[in-house]
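Q: Dropping a structure here in structure tokens format, bear with me for questions.
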Amino acid sequence: MKFILPALLLILSFTALAGQKTALPVESFASLKAFSQLKLSPNGENLAFVRNVNGELVLMVYDRKKKDFTPIIRSDNHTIFFDWYTWANDEVLLLGARYIKREFGGPKYSSTRMYAYNIKEKENVRLAIKPNSSRDERQPQFGDQVISFLPERKDTILVQGDYDIANTPAVYELNLNTFRKKKVQRARSKVTSWIADRQGNVRIAMKMDEDQFEYILYIEDRAKRKTLFSFSAFSKESVSILGFDKNPNIIYYTALKDGRDALYKMDLTTNKNELLFSDENYDFDGSIFYSSLTNNVAGFTHSQLEDGVRYWDEDLNKLHTSLRSVLPSEKFDLDIIDTSHDQRQYVIYLTGDDSAGTYMLGNRDSGELVVFANAYPDIDSTVYTDKKHISYKARDGLTIEGYLSLPVGYKAGDKLPTIVFPHGGPMARDYAGFDYWTALLTYNGYAVLQPNFRGSSGYGHDFMMASVQGFGKEMQDDLQDAALWLVDEGIADKDKICIGGASYGGYAALMAVVKHPETFKCAASFAGVTDLEYIVSKARYFTNKEIVRKQFGTDDDELEKYSPVNFAKQINRPVLLVHGSDDNIVSVYHSQEMEDELSDEDKEVTYIELEDGDHYLSHQPYRIKTLQAFLDFFDKHLKD
Numbered sequence: 177m178k179f180i181l182p183a184l185l186l187i188l189s190f191t192a193l194a195g196q197k198t199a200l201p202v203e204s205f206a207s208l209k210a211f212s213q214l215k216l217s218p219n220g221e222n223l224a225f226v227r228n229v230n231g232e233l234v235l236m237v238y239d240r241k242k243k244d245f246t247p248i249i250r251s252d253n254h255t256i257f258f259d260w261y262t263w264a265n266d267e268v269l270l271l272g273a274r275y276i277k278r279e280f281g282g283p284k285y286s287s288t289r290m291y292a293y294n295i296k297e298k299e300n301v302r303l304a305i306k307p308n309s310s311r312d313e314r315q316p317q318f319g320d321q322v323i324s325f326l327p328e329r330k331d332t333i334l335v336q337g338d339y340d341i342a343n344t345p346a347v348y349e350l351n352l353n354t355f356r357k358k359k360v361q362r363a364r365s366k367v368t369s370w371i372a373d374r375q376g377n378v379r380i381a382m383k384m385d386e387d388q389f390e391y392i393l394y395i396e397d398r399a400k401r402k403t404l405f406s407f408s409a410f411s412k413e414s415v416s417i418l419g420f421d422k423n424p425n426i427i428y429y430t431a432l433k434d435g436r437d438a439l440y441k442m443d444l445t446t447n448k449n450e451l452l453f454s455d456e457n458y459d460f461d462g463s464i465f466y467s468s469l470t471n472n473v474a475g476f477t478h479s480q481l482e483d484g485v486r487y488w489d490e491d492l493n494k495l496h497t498s499l500r501s502v503l504p505s506e507k508f509d510l511d512i513i514d515t516s517h518d519q520r521q522y523v524i525y526l527t528g529d530d531s532a533g534t535y536m537l538g539n540r541d542s543g544e545l546v547v548f549a550n551a552y553p554d555i556d557s558t559v560y561t562d563k564k565h566i567s568y569k570a571r572d573g574l575t576i577e578g579y580l581s582l583p584v585g586y587k588a589g590d591k592l593p594t595i596v597f598p599h600g601g602p603m604a605r606d607y608a609g610f611d612y613w614t615a616l617l618t619y620n621g622y623a624v625l626q627p628n629f630r631g632s633s634g635y636g637h638d639f640m641m642a643s644v645q646g647f648g649k650e651m652q653d654d655l656q657d658a659a660l661w662l663v664d665e666g667i668a669d670k671d672k673i674c675i676g677g678a679s680y681g682g683y684a685a686l687m688a689v690v691k692h693p694e695t696f697k698c699a700a701s702f703a704g705v706t707d708l709e710y711i712v713s714k715a716r717y718f719t720n721k722e723i724v725r726k727q728f729g730t731d732d733d734e735l736e737k738y739s740p741v742n743f744a745k746q747i748n749r750p751v752l753l754v755h756g757s758d759d760n761i762v763s764v765y766h767s768q769e770m771e772d773e774l775s776d777e778d779k780e781v782t783y784i785e786l787e788d789g790d791h792y793l794s795h796q797p798y799r800i801k802t803l804q805a806f807l808d809f810f811d812k813h814l815k816d
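The opening residue of the sequence shown carries number 177 in this note's numbering; numbering runs sequentially from there.
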């Protein structure tokens, strides 16, 4: 494969050009990506992408032959959120949108709808699933769930939706010409989702009964059905089915091996399984993906692999190898994010010290490889350096890993104002790679440590289970130990350490100034949990109420003991609270009550409520406002 080098030189010359820049504003980091979600039509003739135009996300289609752009739909991600899109075929784009609802005085929740646009007809975007004329049909909570793009029927897909019985979806064929649906699988009691094979046949039902789960090989003849897996929430028997092989009798799934998630496949005719991949240090945290050319599994992703991927498909592996010959691994992480159906045209995404995200288009026949766009145009190696993987010992001797970000040009021995920034979840984890929170803070002179404290995912079942009824306990102490490690390493100024985070990270920040005020000089929370008792109480409105009760417990004394809202009197450090009023994941009640309690005690608290804001800072003005507030707050208490 030959390559057009000027495009590569353009990337590699970012550093030289960057010297001409003035100081960057918060907007350079906090704006939504300038470009995102690049996807080729199956024939490769059109490229769709999302463009940020003054804070509005615009879905556009680029005709690669005519070299013209067509805007399809736009959203400011304020009250209606643009979540996803995909090519259904060469002509039809499907789009998923989310909005927030509230009924009968209950808590707020998400609802979704799917829309369609035909690039040849160029009519207005339309609702993709026409409602039936029957008044008995209900409107589903989730109306954008595609379970199969039928490979042999380009004008038909399979969708699931609870049009008949709430929270109990049936499966429908959806015609992409008429947008009429036809039921092909009836709803079944307690079945919450369906899985189709690569030929488009509905094969597996996932059943949920309180905190119990079953995967059932579903056959209309009840006598021939069989349970493939059965387990309770948070148990070591937990399994996740990832999908089918092209062979309709082979499935891929994750299950524990030696206490860590591993990748397996199973023959449904014999129930025999085969271990495909395991990592002795980490959970398998990826998924399988498919070749558009063969319709078979092409490989799998896993964060600890080079480029996070392993190819089984010979053709895609050849492409990856050829790209690596000109894009060195020590400089870039490389992700082939899309190809045309014949895999001759492709899109790649590069990240690394020299780029916070660069999209390139390639053509294997012509040998072209050219830069299309940058996700964060202002950010390069003069602004941001990649995170450093670190580990430290917690007070009980347990090893905790994490990621340390330092300002560009940091000199060993310099003691910096420091932010400990725990992730949300808490059953999640931080990774290496660009994120806008740490990039902004390091650019402004802070060291930032993101510890994967106990309770995080990725480090084995027992490690993650520390978060089950573990809020405020050892997983909280791990954060103080992270700060003390930074002091011992000579990186952090012990008198200039604060803590901040979002969601669970916001909870952890507030609990830090309850438990460890001698270490943390201030706490900043976005969408943080403050009242565990409230979470358990409100769970009664949702189908996962038993799982919530299992995760948090039901002992009111324990829930009160580890809820920051009950400790306003003890908090003597400045607190920043930011919350979206339409947050349906962590209710704005948490921050409102926390602010009330702190104010009643005459404590130093700043509260910002984002009208109609969600849990994800999806609306650009709110993301900018929140990050500016965090930066100003930290500057005030660590630099002034």
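The C-beta atom is built at its ideal place from N, Cα and C for all residues, glycine as well. These numbers come from a predicted model, not from an experiment.
Can you say whether Arg356 is buried or exposed, counting buried as having 16 or more other CB atoms within 10 angstroms of its CB?
A: One-based indexing of the sequence shown puts residue 356 at position 180. Looking at its Cβ environment, which holds fewer than 16 other Cβ atoms inside 10 Å, Arg356 is exposed.
Q: Where do the N-terminal and C-terminal ends of the beta strand (DSSP E) with Gly475 fall, by residue?
A: The count along the sequence shown starts at 1 and reaches residue 475 at position 299. Residue range 473-477 is occupied by the beta strand (DSSP E) that includes Gly475.
Q: Pick out whichever of Glu506, Gly475, Gln480, Ser542 has its Cα sitting closest to the Cα of Ile512.
A: For this step, residue 512 is matched to residue 336 along the sequence shown. The candidate whose alpha carbon is nearest that of Ile512 is Gly475.
Q: Between the C-alpha atoms of Lys148 and Leu214, what's the straight-line distance to the nearest angstrom?
A: Past the boundaries of the shown model lies residue 148; the chain is included only from 177 to 816, so the question cannot be answered.
Q: Under 8 angstroms by Cβ, that's how I've got Glu773 and Ala805 pegged, so tell me the actual separation to the nearest angstrom.
A: Working through the sequence shown from its first residue, we reach residue 773 at position 597. Working through the sequence shown from its first residue, we reach residue 805 at position 629. The pair is not a contact, with the Cβ atoms about 20 angstroms apart (cut-off 8 angstroms).
Q: Let's test the definition: count the other Cβ atoms within 10 Å of the Cβ of Arg398 and tell me whether it reaches 16, buried, or not, exposed.
A: On the sequence shown, position 222 is the one that residue 398 refers to. Arg398 should be labelled exposed.
Q: In chain order, what residues of the same chain lie with their CB nearer than 8 angstroms to the CB of Pro797, ignoring the 5 residues before and after it?
A: Here residue 797 refers to the residue found at position 621 of the sequence shown. Gly231.
Q: How far does the alpha helix (DSSP H) with Tyr586 in it extend, from its first residue to its last?
A: Residue 586 sits at position 410 when you count from the first residue of the sequence shown. From DSSP, Tyr586 is part of no alpha helix (DSSP H); its letter is neither H nor E.
Q: Taking the alpha carbon of Asp815 as the reference point, which residue from Asn351, Pro593, Lys359, Gly538 has its own alpha carbon closest?
A: Residue mapping note: residue 815 aligns to position 639 of the sequence shown, counting from 1. Checking the sequence, you will find Lys at residue 815 rather than Asp. Among Asn351, Pro593, Lys359, Gly538, the Cα nearest to that of Lys815 belongs to Pro593.
Q: Quick one: is Asp664 buried, meaning 16 or more other Cβ sit within 10 Å of its Cβ, or exposed?
A: Here the question's residue 664 lines up with position 488 in the sequence shown. Asp664 comes out exposed.
Q: Between the stretch 677-685 and the stretch 715-727, do three or more beta carbon pairs fall short of 8 angstroms?
A: no
Q: Ile295 by DSSP, collapsed to three states: which one?
A: As a first step, residue 295 is located in the sequence shown; it is residue number 119 there, counting from the start. DSSP places Ile295 in coil when its eight states are reduced to three.
Q: Excluding sequence positions up to five away, which residues of its chain have a Cβ less than 8 angstroms from the Cβ of Ile426?
A: Taking the sequence shown and counting its residues from 1, one reaches residue 426 at position 250. So the qualifying residues of the chain are Phe420, Lys441, Met442, Asp443, Leu444.
Q: Hey, is the stretch 371-384 in contact with the stretch 322-341, meaning 3+ C-beta pairs nearer than 8 angstroms?
A: Counting C-beta pairs closer than 8 angstroms gives three or more between the stretch 371-384 and the stretch 322-341, which meets the contact rule.
Q: How would you call Tyr261, buried or exposed, if buried means at least 16 neighbouring beta carbons within 10 angstroms?
A: Within the sequence shown, numbered from 1, the residue matching residue 261 stands at position 85. Buried, since its Cβ has 16 or more Cβ neighbours within 10 Å.
Q: Considering only the alpha carbon of each residue, which of Asp758, Glu396, Leu803, Val764 lies closest to Val705?
A: Residue numbering aside, residue 705 sits at position 529 when the sequence shown is read from its first letter. The shortest C-alpha separation from Val705 is found at Val764.
Q: Below 8 angstroms on the Cβ atoms is my guess for Phe508 versus Leu526; work out the distance and round it to an integer in Å.
A: Your numbering for residue 508 matches position 332 in the sequence shown. Your numbering for residue 526 matches position 350 in the sequence shown. Confirmed, about 5 angstroms.
Q: Are there three or more Cβ pairs, one per stretch, closer than 8 angstroms when the stretch 631-647 is compared with the stretch 555-568?
A: Put simply, the stretch 631-647 does not touch the stretch 555-568. Fewer than three CB pairs are less than 8 angstroms apart.
Q: Could you check how far apart the C-beta atoms of Val226 and Leu216 are, in whole angstroms? I think they sit under 8 angstroms.
A: Position 50 of the sequence shown holds residue 226. Position 40 of the sequence shown holds residue 216. Contact flag wrong, Cβ pair sits at about 14 angstroms.
Q: Excluding the 5 residues flanking Ser467 on each side, which residues of the same chain have their C-beta closer than 6 angstroms to its C-beta?
A: Counting from one through the sequence shown, the residue named residue 467 turns up at place 291. Result list for Ser467: Ala474, Asp489, in chain order.
Q: Would you be able to state if there are at least three C-beta pairs under 8 angstroms between the stretch 570-577 and the stretch 625-642?
A: Counting Cβ pairs under 8 angstroms, three or more are found: they touch.
Q: Helix, strand or coil for Thr821, going by three-state DSSP, please let me know.
A: The first residue shown for the chain is 177 and the last is 816, placing residue 821 beyond what the model contains.
Q: Using the beta-carbon count (16 or more within 10 Å), is Tyr348 buried or exposed?
A: Position 172 of the sequence shown, counted from the start, is the residue given in the question as residue 348. Buried.
Q: Rounded to the nearest angstrom, how far is the Cβ of Ala700 from that of Phe809, given a contact under 8 angstroms?
A: For this step, residue 700 is matched to residue 524 along the sequence shown. For this step, residue 809 is matched to residue 633 along the sequence shown. About 5 angstroms; that satisfies the 8 angstroms criterion.
Q: Determine the DSSP secondary structure at Met603, reduced to helix, strand or coil.
A: Start at 1 with the first residue of the sequence shown, and residue 603 comes out as number 427. Here Met603 sits in coil by DSSP.
Q: Mapping DSSP to helix, strand and coil, what is Tyr552?
A: Here residue 552 refers to the residue found at position 376 of the sequence shown. Coil at Tyr552, not helix or strand.
Q: Taking all protein chains shown into account, decide if Ile395 is buried (16 or more other Cβ within 10 angstroms of its Cβ) or exposed.
A: By 1-based counting over the sequence shown, the position of residue 395 is 219. Counting Cβ neighbours within 10 Å, Ile395 comes out exposed, since fewer than 16 surround it.
Q: From the DSSP output, in three-state form, read off Tyr440 for me.
A: Residue mapping note: residue 440 aligns to position 264 of the sequence shown, counting from 1. Tyr440: strand per DSSP, three-state reduction.
Q: Based on the DSSP output, what are the partners of Gln538 in its beta bridges?
A: Here the question's residue 538 lines up with position 362 in the sequence shown. The sequence given here has Gly at residue 538, not Gln. Per DSSP, the beta bridge partners of Gly538 are Tyr522, Leu545.
Q: Out of Lys801, Asp811, Thr802, His795, point me to the one whose CA is closest to Leu208's CA.
A: Against the sequence shown, residue 208 aligns to sequence position 32. That would be His795, whose Cα lies nearest to the Cα of Leu208.
Q: Whole angstroms are fine: how far does the CA of Cys674 sit from the CA of Leu735?
A: Mapped onto the sequence shown, residue 735 falls at position 559. Mapped onto the sequence shown, residue 674 falls at position 498. When rounded, the distance between both Cα atoms is 25 angstroms.
Q: What does the alpha-carbon distance come out to for the pair Arg799 and Leu200?
A: Stepping through the sequence shown from its first residue, residue 799 is reached at position 623. Stepping through the sequence shown from its first residue, residue 200 is reached at position 24. About 16 angstroms.
Q: Taking 8 angstroms as the cut-off, does the stretch 594-609 touch the stretch 538-545 (at least 3 CB pairs, one atom from each stretch)?
A: no
Q: Check whether the Cβ atoms of Lys412 and Leu432 sit closer than 9 angstroms, and answer yes or no.
A: For this step, residue 412 is matched to residue 236 along the sequence shown. For this step, residue 432 is matched to residue 256 along the sequence shown. For Lys412 and Leu432, yes; Cβs fall inside 9 angstroms.
Q: Who are the Cβ neighbours of Ser212 in its own chain at under 6 angstroms, not counting the five residues just before and after it?
A: Mapped onto the sequence shown, residue 212 falls at position 36. Excluding positions up to five away in sequence, the list reads Val226.
Q: Bridge partners of Glu785, per DSSP?
A: Working through the sequence shown from its first residue, we reach residue 785 at position 609. Its beta-bridge partners are His755.
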